Amino acid sequence: MEESNLILFFGRFHPLIVHLPIGFLMIGALMEVAERLGWLSNVRPAIIFSLLLGVASAVAASVLGYMLGTSGDYAPDMLDAHMWAGIITMGVAAAALLLKTRWVDFTKVQTQLYLGLLAVMMIAMSATGHLGGNMTHGSDYLTKYAPFIPKPVDPLARPKVTDIQQAQIFGDVIHPIMRDRCMSCHSSEKQKGKLSFSSIEEYLKGGESGDLIVAGDASASELFKRISLPAGHDDIMPPEGKEPLTEEQQLLIKFWIDGAGANFDTLLSQVEVPEEVMTAASHYLGLSGDGEQMLALDSIAPKDLEQLRLMGFEVRELAAGSYALDVTLPSGKANPSDIMRYLDALDKVREHVVWLAMDDSGLSDEYLVHFAGYPNLRSLKLSNNAITDAGIKQLSGLPVLEKLNLYGTGVTVSSMDHLRRLPALQVVYVWQTGIDEEAIHEWHLEHDKPRLVSGS
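Start counting the sequence shown at 1; every next residue gets the next number (the UniProt record's numbering).
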């Protein structure tokens with residue numbers, strides 16, 4: 001094994017060990033204060049033992065932190081500040097421990113010196129932890145949602161676009177995706193794999209794993225290769241434990257590289273854009289294809305979102321601040337005997353649901369009436385549920401529904417006579433249903449929409 005790998009192997013134990021000195025040193029200082037206030041007595045041995053464990057674990061954390069710092073994943077200035085704050089904490093704690101063990105009866109000056117060291121130790125330890133948190137989570141982690149505090153300015157941010165044709169592919173679509181999903185690990189402050197998305201120069205420079213972007217060839221671009229790996233793959237980005245990019249986000253990034261040549265200035269109106277890409281961009285930006293605002297929604301009660309997540313729904317906002325939701329109930333996660341509870345929870349946010357996926361969730365015909373009247377629903381996935389033509393007839397009041405997935409259900413072509421009355425419906429996925437290829441062909445001879453798509 002190479003030495004650098006062994007060093008990093010041990011260095012990655014730093015986040016595990018680093019909490020030990022914080023706890024030991026803090027409890028030692030608190031016991032000292034409690035004894036001097038008369039709340040505790042005869043705790044001198046416990047204070048000494050706590051400080052000793054704190055110093056010993058601080059030494060271990062410092063060594064492991066130095067090893068981790070050799071990875072090159074962190075901004076040097078921030079890393080140095082964190083390291084020296086930790087060394088100061090360790091040194092001051094060792095000095096306080098030395099005084100506590102050597103002096104039994106403190107003079108006034110000795111007391112002031114000892115208590116001063118404890119105070120400096122606590123301040124330095126707090127600063128060390130804060131700087132470490134900044135490197136791990138970003139400098140705005142604590143203040144991101146605080147009121148009255150100016151937010152950091154993203155140099156690549158653009159004014160909110162109101163016309164889809166004037167949207168800059170990189171600045172309005174691609175970079176916001178990377179900022180929201182990737183920059184917690186790849187910023188000017190933290191550069192995992194020596195990769196940052198904080199400036200155009202950093203995009204072009206790439207990281208240590210190869211060519212980040214190969215203009216015109218997404219398959220050769222490390223960026224697209226990493227985000228499109230199968231779930232669970234060792235090299236997938238974002239890594240396991242973080243939400244992967246959606247299929248539409250992957251599609252947009254692929255189009256930027258292949259269709260727009262990874263140009264940083266190109267507008268959507270300046271290149272030929274496939275329909276599915278334009279739809280994905282429209283959804284992401286909260287705009288319709290003709291450039292009109294897609295939605296103007298009120299805010300959502302946090303308790304309603306929390307209820308959905310506690311029940312197992314995956315919920316994300318399509319565009320920051322839009323209150324337009326992409327809601328998914330993972331396949332097989334619902335308890336079929338309790339399906340009404342899931343539907344009632346969805347009803348509370350019905351105006352905000354734009355994409356909804358309830359594949360293999362125990363739905364049957366009588367439940368489909370609950371989806372009627374979702375005013376902003378554009379995509380509905382109901383595959384692998386016990387749904388027939390009788391249930392489809394209950395789908396109404398869906399003025400903007402564009403896509404409907406009925407894969408693996410019991411519907412037949414007779415359902416299409418009802419669905420074609422939905423004014424915006426463009427495509428229905430009918431793999432493994434009662435609609436065969438001949439029926440699909442005959443339907444398309446007589447009707448322009450909705451388009452029926454089969455997997456065969």
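Note that CB positions come from ideal geometry on N, CA and C, so glycine has one too.
It should be emphasised that the depicted structure is a prediction, and the values quoted were computed from it without experimental measurement.
- Between the alpha carbons of Arg102 and His186 lies a distance of about 48 Å.
- Counting only unbroken stretches of 3 or more residues, the beta strand (DSSP E) elements lying wholly within the stretch 334-413 are 353-357, 379-381 and 403-405, in sequence order.
- For the options Gly397, Ser361, His175 and Leu305, the alpha carbon positioned closest to that of Pro375 is the one of Gly397.
- Arg181 carries a helical assignment under DSSP once its states are collapsed to helix, strand and coil.
- With a cutoff of 8 Å on beta-carbon distance, Glu222 and Gly232 are scored as not near each other.
- Sorting Leu156, Arg341 and Gly23 by C-alpha distance to the C-alpha of Glu201 places Leu156 at the top.
- Checking the DSSP bridge columns, you'll see His186 partnered with Gln191.
- Within the DSSP bridge table, the entry for Glu437 names no partner.
- Here Val411 is actually not in contact with Leu377; their C-beta atoms are around 18 Å apart, not less than 8 Å.
- In the DSSP annotation of this structure, Arg12 is not part of any beta strand (DSSP E), being labelled neither H nor E.
- With contacts defined by Cβ atoms closer than 8 Å, Arg181 and Gly171 do not form a contacting pair.
- Counting only runs that start and end inside the stretch 221-245, there is no beta strand (DSSP E) element of at least 3 residues.
- In this model, Trp256 and Gln270 are separated by some 12 Å (Cα to Cα).
- According to the DSSP assignment, Asp258 belongs to no beta strand (DSSP E) but to the alpha helix (DSSP H) extending over Glu247 to Asp258.
- With three or more CB-CB distances shorter than 8 Å, the stretch 21-34 counts as touching the stretch 50-63.
- Residue pairing by DSSP puts Tyr74 in a beta bridge opposite Lys190.
- Relative to Ser50, the option among Gly72, Leu40 and Leu20 whose CA is nearest is Leu20.
- Bridge pairing for Glu314: Thr328 [DSSP].
- Counting only runs of at least 4 residues, the UniProt domain "DUF2231" (13-136) fully encloses the following alpha helix (DSSP H) elements, listed from N- to C-terminal order: 14-17, 19-36, 44-69 and 76-102.
- By the Cβ-count criterion, Met237 is buried, with 16 or more other Cβ atoms from all chains shown falling within 10 Å of its own Cβ.
- Your pair Gly65 and Gly86 checks out as a contact, with CB atoms roughly 6 Å apart and the cut at 8 Å.
- Taking every protein chain shown into account, the CB of Pro399 has fewer than 16 other CB atoms within 10 angstroms, so this residue is exposed.
- Fewer than three pairs of CB atoms, one per stretch, sit closer than 8 Å, so the stretch 70-85 makes no contact with the stretch 102-120.
- With contacts defined by Cβ atoms closer than 8 Å, Ser383 and Asp365 do not form a contacting pair.
- Where Leu452 is concerned, the enclosing beta strand (DSSP E) starts and stops at Arg451 to Val453.
- The residue from Asp436, Pro423, Glu437 and Gly434 with its alpha-carbon nearest to that of Lys449 is Pro423.
- For Tyr429, the enclosing beta strand (DSSP E) stretches over residues Val427 to Tyr429.
- Per DSSP, the beta-bridge partners of Gln168 are Leu267.
- Here the C-alpha atom of Leu343 lies approximately 38 Å from the C-alpha atom of Thr136.
- A straight line joining the alpha-carbon of Ala46 with that of Ser126 spans about 23 Å.
- Leu287 carries a strand assignment under DSSP once its states are collapsed to helix, strand and coil.
- The Cβ-Cβ distance between His130 and Ala61 does not fall below 8 Å.
- Of all alpha-carbon atoms in Leu452, Glu32, Gln432 and Val18, the one lying nearest the alpha-carbon of Gly116 is that of Glu32.
- Sequence-distant partners of Leu329 (beyond 5 residues in either direction) whose C-beta falls short of 6 Å from its own C-beta, in its chain, are Phe313, Met358 and Ser361.
- Listed in chain order, the non-local C-beta contacts of Pro244 below 8 Å within the same chain comprise Ile227, Ala231, Ile236 and Pro238, local neighbours out to five positions each way being set aside.
- The beta carbon of Met90 sits closer than 7 Å to those of Val55, Ala58, Val59 and Ser62, all from its chain and outside the five residues before and after it, given in chain order.
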